[in-house]
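Protein chains: 2
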Amino acid sequence: MKLKDVGEFGFIDRIKDGALIRKYLGLVGIGDDCALFKVEEGKSVLLTTDMLLERVHFLRDLMTPFQIGYKALAANLSDIAASGGVPKEAFVSLAVPENLSLEDLLEIYKGMKDLAKKFDVNITGGDTTTSLKDLVINIALTGEIDEELVLYRSGAKAGDIICVTDYLGDSAAGLDLILNHREEMHNFPTLTTKHFMPIPHIEQGRAISRSRLANSMMDISDGLASDIRHICKASKLGAVLHEERFPHSEEFNRYIAEFKPEYLKTAIGVGEDYCLLLTVSQENFAQLKKTLNDLGHQLYNVGEMIKGEDVYIVNKEGEKSILKLSGWDQFKEH
Amino acid sequence: MKLKDVGEFGFIDRIKDGALIRKYLGLVGIGDDCALFKVEEGKSVLLTTDMLLERVHFLRDLMTPFQIGYKALAANLSDIAASGGVPKEAFVSLAVPENLSLEDLLEIYKGMKDLAKKFDVNITGGDTTTSLKDLVINIALTGEIDEELVLYRSGAKAGDIICVTDYLGDSAAGLDLILNHREEMHNFPTLTTKHFMPIPHIEQGRAISRSRLANSMMDISDGLASDIRHICKASKLGAVLHEERFPHSEEFNRYIAEFKPEYLKTAIGVGEDYCLLLTVSQENFAQLKKTLNDLGHQLYNVGEMIKGEDVYIVNKEGEKSILKLSGWDQFKEH
Chain A
14 MKLKDVGEFG FIDRIKDGAL IRKYLGLVGI GDDCALFKVE EGKSVLLTTD MLLERVHFLR
74 DLMTPFQIGY KALAANLSDI AASGGVPKEA FVSLAVPENL SLEDLLEIYK GMKDLAKKFD
134 VNITGGDTTT SLKDLVINIA LTGEIDEELV LYRSGAKAGD IICVTDYLGD SAAGLDLILN
194 HREEMHNFPT LTTKHFMPIP HIEQGRAISR SRLANSMMDI SDGLASDIRH ICKASKLGAV
254 LHEERFPHSE EFNRYIAEFK PEYLKTAIGV GEDYCLLLTV SQENFAQLKK TLNDLGHQLY
314 NVGEMIKGED VYIVNKEGEK SILKLSGWDQ FKEH
Chain B
14 MKLKDVGEFG FIDRIKDGAL IRKYLGLVGI GDDCALFKVE EGKSVLLTTD MLLERVHFLR
74 DLMTPFQIGY KALAANLSDI AASGGVPKEA FVSLAVPENL SLEDLLEIYK GMKDLAKKFD
134 VNITGGDTTT SLKDLVINIA LTGEIDEELV LYRSGAKAGD IICVTDYLGD SAAGLDLILN
194 HREEMHNFPT LTTKHFMPIP HIEQGRAISR SRLANSMMDI SDGLASDIRH ICKASKLGAV
254 LHEERFPHSE EFNRYIAEFK PEYLKTAIGV GEDYCLLLTV SQENFAQLKK TLNDLGHQLY
314 NVGEMIKGED VYIVNKEGEK SILKLSGWDQ FKEH
């Protein structure tokens, strides 16, 4: 069955079910000109938006429609996590090519709804249109937060410890397995799952912002090598990263040993980790780590902020040099 | 110059200028993980989102980049107008093909900024990514409104007068001129301008919602023939449209006389009028019309809501029949 068999409004009728997790304050949902929602008194609104295109950001023959929907929403949830907010309302725009079946389209929504339910997020509205060739997904996601709890990229201080909330490079390793070592993928189930279905660090982001212990935060989408530069630029500081401190999963280490890819690029140059990158003063680090550990989460020290504007890496031999790896900027030639 | 010559963050630096019209309450703008904004106390948030694709919704060789940006934002503003709200924050996602120059991209932003300035709207954030072939634009736009002033599609009552706030069919006629009669376009400057650069009826929408005189409202994007069906469905009513009452511009009438297109299709079957479609009780009509006239705006009576579920048209000879024309549903075969 194709989208054209049911029409835009027939499609809306089919996706309404299960789209609203929380009771909808605002009365208007999918199908009217606008969605209406209330914001809790005293809170500010966070909004993030991401556009994903087939063949640029994902390949339809490598991911199930469920995974495509899940991951698209996960990337947006990670942005809300990075500000320390509570995610609320998702607005999904889809441009659908002729060769995508209605069943696949509903599976994309199922992937989004599954993840939305976990984090108490409504799929509140959106826009569905046709595409001549590639599937395009744009999600706009709102969140709420107390304004004084928002963590910015610009708040880092010289001397701050640079922290991450998860193993680095699992997603990058998963992607390489999917693209280049499909016959051995099954030996690394965590890596491929972390690439296809990352769990956004909403709980960690909330705990960190509520603790008021951190100075700056963002999420790692382009790789630590690239993303730390945003914190440096916004905070007018430099950074030193310590390779020997980079946290890795057992599967990641096994993957590195077996396939011998360029280690540093895989660990910090590809991205899609969707964990948090934050800075915290030396004196607050232990308390913040305990706060997260008590909730069953992790905090790893991977470096420190310094005066200046350069980003250095200290390799496993203790040699310090300017970090050349810049991570993923899709507009630059690679 | 190409986007890749400056990179994503070089591009952000170039579009920041003039993007924020109002003072920005929330401190974070373009370039952080999320945008943060405050909502006036007691107000609710409206959010609308629209995705436009090259070759599906617009042709790059028929429109200037400025017009593409202008019109993309205009369509979203029209949705906020349709709810009676005040537009506030725009979030722009762009997927940019290799063959679009940086200059053209900045012109697209200029078109958006020009219109945004007219309606005191901030371009607050967004996402820029690459596309393999077609330009894709998604805008998510927020607005504010008192919840009790929101007008829905579902509020129409049997006996209500069906009204529109502008001439019908100008944009459709303009499109036909652009596509099929380019050498005579210059004789119909208003029609082509209304197609390329429609003025969203924000002021009219505000005045109508604040008057509390109307029962239901939406904007005309797919054509009156299609859009009145949404009000009928949501309000569980039927409608009668009167062809002889349809308001038309002098240029539209001249275009019809000269090119003899299918009249009804052009007037109510193509759309992109981006004016408002509303229903108001018989007793409130005159007062609402005066309210709009006093502001220099128009209100035209084009039919009435009836019990039942069918949509009828009364032609210029006074003959009543079921309206077959359904307007634009892009997913259905035409």
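Protein chains in written order, with our numbering: chain A, 14 to 347; chain B, 14 to 347.
For every residue, glycine included, the Cβ atom is placed at its ideal position computed from N, Cα and C.
These figures come from a predicted structure and were not determined experimentally.
Secondary structure of residue i, DSSP reduced to three states
| i | result |
| --- | --- |
| Lys56/A | strand |
| Ile43/A | Residue confidence for Ile43/A is low, a pLDDT of 46 falling below 50, so the modelled location carries little weight and cannot support an answer. |
| Ile245/A | Inspection of the sequence shows that residue 245/A is occupied by Cys rather than by Ile. Of the three classes helix, strand and coil, the one that applies to Cys245/A here is helix, per DSSP. |
| Phe50/B | strand |
| Ala227/A | strand |
| Asp173/A | coil |
| Lys207/A | helix |
| Ile233/B | coil |
| Lys333/B | strand |
| Val19/B | helix |
| Glu275/B | coil |
| Phe259/B | coil |
| Met14/A | coil |
| Gly168/B | helix |
| Phe298/B | helix |
| Leu192/B | helix |
| Gly309/B | coil |
| Ser339/B | coil |
| Ser114/A | coil |
| Asp30/B | coil |
| Phe24/A | helix |
| Gly218/A | helix |
Limits of the unbroken beta strand (DSSP E) element including residue i
| i | result |
| --- | --- |
| His255/B | 251 to 255 |
| Glu271/B | Taken as a continuous stretch (DSSP letters only), Glu271/B belongs to no beta strand (DSSP E), being part of the alpha helix (DSSP H) at 263 to 272. |
| Gly139/A | 135 to 144 |
Residues sharing a beta bridge with residue i, DSSP
| i | result |
| --- | --- |
| Glu197/A | BP columns for Glu197/A are empty, so no partner. |
| Ala153/B | Thr62/B, Phe104/B |
| Asn314/A | Cys176/A |
| Ile319/B | Gly251/B |
| Ile158/A | Ser57/A |
| Val324/B | Ala252/B |
| Glu120/B | Paired residue(s): none; Glu120/B is not in a bridge. |
| Glu67/A | Phe71/A |
| Val109/A | Thr143/A |
| Val99/A | Glu157/A |
Rounded straight-line distance, which links the Cα of residue j to that of residue i
| i | j | result |
| --- | --- | --- |
| Gly42/A | Leu49/A | At Gly42/A, the pLDDT of 47 sits below 50, so the modelled position is not reliable; the number obtained from the coordinates is stated separately. Rounded to the nearest angstrom, the two C-alpha atoms are 7 Å apart. |
| Leu181/B | Ile25/A | 28 Å |
| Thr292/A | Gly168/B | 52 Å |
| Val315/B | Cys176/B | 6 Å |
| Ile136/A | Pro100/A | 11 Å |
| Leu40/A | Glu54/B | In this prediction, Leu40/A scores a pLDDT of 47, lower than 50, which makes its location untrustworthy; the coordinate-derived value is nonetheless stated afterwards. Rounded to the nearest angstrom, the two C-alpha atoms are 19 Å apart. |
| Val324/B | Asp133/A | 40 Å |
| Lys207/A | Gly187/B | 51 Å |
| Thr279/A | Asp232/A | 17 Å |
| Phe298/B | Ile121/B | 40 Å |
| Gly139/A | Lys337/B | 28 Å |
| Ala252/A | Leu289/A | 17 Å |
| Met76/A | Asp307/B | 58 Å |
| Ala108/A | Ser106/B | 14 Å |
| Glu67/B | Leu65/A | 16 Å |
| Leu312/B | Ile174/B | 11 Å |
| Leu113/B | Phe104/B | 21 Å |
| Gly218/B | Gly97/B | 4 Å |
Element boundaries [alpha helix (DSSP H), containing residue i]
| i | result |
| --- | --- |
| Asp92/B | 78 to 96 |
| Ile212/B | Neither: Ile212/B is in no alpha helix (DSSP H) and is coded neither H nor E. |
| Ile281/B | Counting along the chain, Ile281/B falls outside any alpha helix (DSSP H), and DSSP gives it neither H nor E. |
| Leu291/A | Element bounds for Leu291/A: not the alpha helix (DSSP H) but the beta strand (DSSP E), 289 to 293. |
Using a Cβ-Cβ cut-off of less than 9 Å, give me the residues of the region 171 to 203 of chain A that come near chain B, in sequence order. Hits within the stretch: zero.
Where the region 257 to 286 of chain A meets chain B: residues whose CB sits under 9 Å from a CB there: Only those residues of the region 257 to 286 of chain A whose C-beta falls short of 9 Å from the nearest C-beta of chain B would be listed, and there are none.
What residues in the region 94 to 126 of chain A have a beta carbon less than 9 Å from any beta carbon of chain B? Flagged, chain order: Ala94, Ala95, Ser96, Gly98, Glu102, Phe104, Val105, Ser106, Leu107, Ala108, Val109.
Taking a Cβ distance cut-off of 9 Å, strictly less, list which residues of the region 138 to 151 of chain B are near chain A, in chain order. Listed in sequence order: Gly138, Gly139, Asp140, Thr141, Thr142, Thr143, Ser144, Leu145, Lys146, Asp147, Val149, Asn151.
Taking a Cβ distance cut-off of 9 Å, strictly less, list which residues of the region 155 to 171 of chain B are near chain A, in chain order. The region 155 to 171 of chain B vs chain A, Cβ under 9 Å: Thr155, Gly156, Ile158, Glu160, Val163, Tyr165, Arg166, Ser167.
To be precise: take each residue of the region 60 to 80 of chain A, compare its Cβ to all Cβ atoms of chain B, and keep it if any distance is under 7 Å. Which residues remain? If the cut-off is 7 Å between Cβ atoms, the region 60 to 80 of chain A has Leu60, Thr61, Thr62, Asp63, Met64, Leu66, Arg68, Val69 near chain B.
Scan the region 47 to 58 of chain B for residues whose Cβ lies nearer than 8 Å to a Cβ of chain A and list them as they occur along the chain. Within the region 47 to 58 of chain B, the qualifying residues are Cys47, Ala48, Leu49, Phe50, Lys51, Val52, Glu54, Ser57, Val58.
Given a limit of 9 Å on CB to CB distance, which residues of the region 14 to 32 of chain A reach chain B? If the cut-off is 9 Å between Cβ atoms, the region 14 to 32 of chain A has Lys15, Leu16, Lys17, Asp18, Val19, Gly20, Glu21, Phe22, Gly23, Phe24 near chain B.
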